[in-house]
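When you line the sequence shown up against this note's numbering, it's residues 72 to 544, in that order.
For reference, the structure is listed below as C-alpha cells.
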Amino acid sequence: MPPLEFLRPILSILPEVPKAKRIVGFREKLVWTVVVLTIYLAFTQIPLYPVSRTQQEFFSPLFSIIFAARFGTLAQLGVGPIVTAGLIMQLLVGSKILNLDLTDKKQRALFTGTQKLLAILFTLLEAIVFVGGGLLRVQNLSAAVLVVIQLFAVGILIILFDEILQKGWGFGSAVSLFILAGVASQIFTELLSPVYVNGSYVGFFPNLVYVTAGGGKLEYLLFGNPEISRSSSLIGLIAMIIVLILIVYLQGVKIEIPVAYPKYGGLKAKIPLQLIYVSNVPVILAGALTANLIFFSQIAWNNYNRTNTDPLLNMIAKFDIINNQPVPSGGLVYYLSPPRNIYNVMHDPVHAILYILIFTGLCVLFAKAWVETSGMSAEEQAKRMVKSGIQVKGFRHSEIVLKQLLNRYIPTLTWFSGLIIGLLASVSDAVGIIGTGIGILLAVGIIYQYYRILLQQRIEEEFPTLARFLKGE
72 MPPLEFLRPI LSILPEVPKA KRIVGFREKL VWTVVVLTIY LAFTQIPLYP
122 VSRTQQEFFS PLFSIIFAAR FGTLAQLGVG PIVTAGLIMQ LLVGSKILNL
172 DLTDKKQRAL FTGTQKLLAI LFTLLEAIVF VGGGLLRVQN LSAAVLVVIQ
222 LFAVGILIIL FDEILQKGWG FGSAVSLFIL AGVASQIFTE LLSPVYVNGS
272 YVGFFPNLVY VTAGGGKLEY LLFGNPEISR SSSLIGLIAM IIVLILIVYL
322 QGVKIEIPVA YPKYGGLKAK IPLQLIYVSN VPVILAGALT ANLIFFSQIA
372 WNNYNRTNTD PLLNMIAKFD IINNQPVPSG GLVYYLSPPR NIYNVMHDPV
422 HAILYILIFT GLCVLFAKAW VETSGMSAEE QAKRMVKSGI QVKGFRHSEI
472 VLKQLLNRYI PTLTWFSGLI IGLLASVSDA VGIIGTGIGI LLAVGIIYQY
522 YRILLQQRIE EEFPTLARFL KGE
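Here it is as C-alpha cells:
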C-alpha cells in the first residue's frame with residue numbers, strides 16, 4: 072500500500088474546485104484571473120478586526136515577498152501555507168522519506184491532496200501563532216478567536232483561488248500571481264514612495280529630486296540610508312537593471328535536441344532544454360525555508376530571549392533593536408538573513424559571503440529535489456518522449472536510450488541553473504537591489520511563465536490541430 076493511503080478518507084471531504092472539463096476560452100480565463108487577483112488585492116487593504124495593535128516591525132521583508140503577505144490585513148498569511156506545505160512535501164518525497172511514484176495518477180493525486188491538507192493545517196497553525204505569539208495584539212480571548220477565524224477563512228479562500236487557476240479556469244497559479252503583484256508593489260514603493268524617514272525619502276526618485284535640490288545627502292542617494300532597513304539607492308537601481316537584463320538573457324539560452332515524429336511522416340522539430348531548467352522554483356522554496364526560520368525565531372526571541380541572555384536560543388538567533396526593528400545580530404538566523412544594506416556588507420563581509428553560500432547551496436539542493444518530484448528528470452522526460460512517438464535522430468526509439476541521452480544534459484542543467492539563480496538572488500540582495508534579489512528573480516520568471524501560458528492559450532484557440540499535435544495527442 073502506498074504511503075499516506077490512510078489519508079484518502081480525509082482528503083475526499085476537503086473543499087475542492089472541480090477541474091475544467093470543457094475548453095475555457097481566453098477571455099473567460101482572463102476574467103477569472105482578474106477576479107481572483109482583485110479579491111486578493113482587496114484582502115491586502117482590509118485590516119483585521121478587532122486587532123488593537125500590531126508589531127509590524129517583526130514582519131520580515133522576505134516574508135512579505137516570498138509569501139505575498141501584508142501585515143495586519145486579511146492577507147496576513149498570504150500564500151505562506153501553500154508554499155510551506157509544498158516545501159515540506161518536496162523535501163519528504165525528494166529525500167525518499169515518502170516513497171511515492173508521482174508518475175502514477177493515483178499516487179500523484181495522493182501527493183497533491185496531502186499537500187492541500189498540509190496547507191490547510193498550516194493556515195490554522197500560522198493564524199494561531201501570529202495571535203498567540205503576540206505579533207497581533209488583541210484585548211481578550213474572544214477577540215483572539217475572531218482574528219484566527221478571519222485568517223483561517225481567508226487562508227482557505229486563497230487555497231481555493233490557487234485551485235481555480237491551476238485547474239484550468241484561469242491562467243497560471245494564484246501563488247505566482249500574488250507574488251508578482253507583491254513584488255510589483257515593492258518596486259513601486261522603493262522607486263516612487265514620497266515617505267520621508269530619517270533624512271531621506273523611501274522612494275529613489277523623490278530622493279533624487281530632494282538631493283538635486285540640495286536638501287539631502289548624496290551618500291544616501293548613491294548607497295542608501297543606513298538608518299532605513301530597505302533603503303533605495305542608485306546602486307540598487309543599477310543592480311535591478313543589470314539583473315533584469317541578465318535574467319531575460321538567461322531565459323532565452325537553451326540547448327536544442329533535434330527530434331522527429333515518425334507517425335507524422337518524419338516531421339522534424341527541436342526540443343529545447345532551457346539553461347534555467349528549474350525556473351524560479353528553487354528560489355521560492357529556499358526563500359520559503361529561510362523566511363519561516365526567521366519568522367519563528369523572531370517569535371521565540373520576542374517571547375523568551377529579548378535580552379539575548381539564553382545561550383541555547385542565542386545559537387539559533389540573536390536580535391538587536393535598531394530603529395524600533397529587530398535586526399538579526401547573531402546565531403544561525405543571522406547568516407540566513409541578507410545584509411540590510413551595502414554598509415552592512417562593508418562592516419561584516421563574512422556575513423554577506425556566508426549568506427550567499429548558504430542561500431545558493433539551498434537553491435542547488437531544491438533544484439535537484441524539484442526535478443525529481445515534478446516529472447522533469449531524464450527518466451520522466453524519456454517516458455513522455457516515447458509515449459508521444461518522438462524519436463531522436465541517430466538513436467533507437469527506446470526509453471533507456473533516450474534517458475541516457477537526456478542524462479548528458481539534465482543533471483548538469485539542474486545544478487547549474489540552481490547555482491545561477493541562487494547567486495543572482497543572494498548577491499543582488501547583498502548590494503541592496505531595488506525590489507530585493509529574490510523578488511526581481513521571481514517577478515521575471517513569473518512574467519516569462521505567463522508569457523508562455525498566454526502564447527499557448529492563443530495557439531490552442533487559433534490552431535487547435537497544431538495544439539493537439541504539440542501535446543502528442
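Even for Gly, the Cβ is constructed at its ideal location relative to N, Cα and C.
Since we're looking at a predicted model, the values are computed, not measured.
Under the three-state reduction of DSSP, GLY489 is assigned to helix.
Around the CB of TYR348, 16 or more other CB atoms lie within 10 Å, so the residue is classed as buried.
In the structure shown, LEU171 falls within a coil segment according to DSSP collapsed to helix, strand and coil. For GLU298, the three-state secondary structure derived from DSSP is coil.
In the assembly as shown, TYR281 is a buried residue. Its beta-carbon has 16 or more other beta-carbons within 10 Å.
Under the Cβ criterion (8 angstroms, minimum of three pairs), the segment 247-263 does not count as touching the segment 171-190. For GLN452, the enclosing alpha helix (DSSP H) stretches over residues 449-458.
The shortest CA-to-CA distance from LEU75 to any of THR109, GLN186 and SER459 is the one to GLN186. Counting only residues of its own chain and dropping the five nearest sequence neighbours on each side, LEU356 has a CB closer than 6 angstroms to the CB of LEU158 and PHE437. Within the segment 208-248, no run of beta strand (DSSP E) reaches 3 residues while sitting entirely inside it.
Pairing PRO277 with TYR267, the inter-Cα distance amounts to about 9 angstroms. With 16 or more other CB atoms across the displayed protein chains lying within 10 angstroms of its CB, PHE294 is buried. Take PRO343, set aside five residues on each side of it, and the residues of its chain with a beta-carbon closer than 6 angstroms to its own are LYS325 and GLU327, in chain order. In the three-state DSSP reduction, ALA139 falls in the coil class, being neither helix nor strand.
For GLN462, the three-state secondary structure derived from DSSP is strand. Inter-residue distance for ILE81 and GLY204 is about 30 angstroms (C-alpha atoms, whole angstroms). Under a 10 Å Cβ-count criterion, HIS422 is classified as buried, with 16 or more other Cβ atoms of the shown protein chains found around its own Cβ.
Taking C-beta separations shorter than 8 angstroms and ignoring five residues to either side along the sequence, the partners of GLY274 in its chain run THR260, GLU261, LEU262, LEU263, SER264, PRO265, VAL266 and SER303, following chain order. Inter-residue distance for ILE191 and ILE230 is about 8 angstroms (C-alpha atoms, whole angstroms). If you draw a 10 Å sphere on the C-beta of SER469, you find fewer than 16 other C-beta atoms in it, and that means exposed.
Counted as a single uninterrupted DSSP element, the beta strand (DSSP E) harbouring PRO343 occupies residues 338-345. According to the DSSP assignment, VAL421 belongs to the alpha helix (DSSP H) that extends over 420-444.
The residue from MET417, ALA362, ASN374 and TRP441 with its alpha-carbon nearest to that of LEU403 is ALA362.
Counted as a single uninterrupted DSSP element, the stretch harbouring ILE117 is not any beta strand (DSSP E), since DSSP gives it neither H nor E. Distance check between GLN527 and each of GLY96, LYS339, PHE77 and PRO353 places GLY96 closest, using alpha-carbon atoms only. Between the alpha carbons of PRO399 and TYR405 lies a distance of about 5 angstroms. Under the three-state reduction of DSSP, THR104 is assigned to helix. Counting the other Cβ atoms within 10 Å of the Cβ of ALA388 gives 16 or more, which makes it buried. Collapsing the DSSP output to three states places PRO409 in coil.
The three-state reading of DSSP puts ALA331 in strand, counting E and B together. For VAL502, no alpha helix (DSSP H) encloses it, and the DSSP letter there is neither H nor E. Membership of LYS288 in any beta strand (DSSP E) is not indicated, and neither H nor E is assigned to it by DSSP.
Residue state for VAL282 is assigned as helix, using DSSP reduced to three classes. Distance between ILE530 and ILE84, taken at the CA atoms: about 37 angstroms.
In this chain, the alpha helix (DSSP H) harbouring VAL202 covers 176-203. Per DSSP, reduced to three states, the secondary structure at SER256 is helical.
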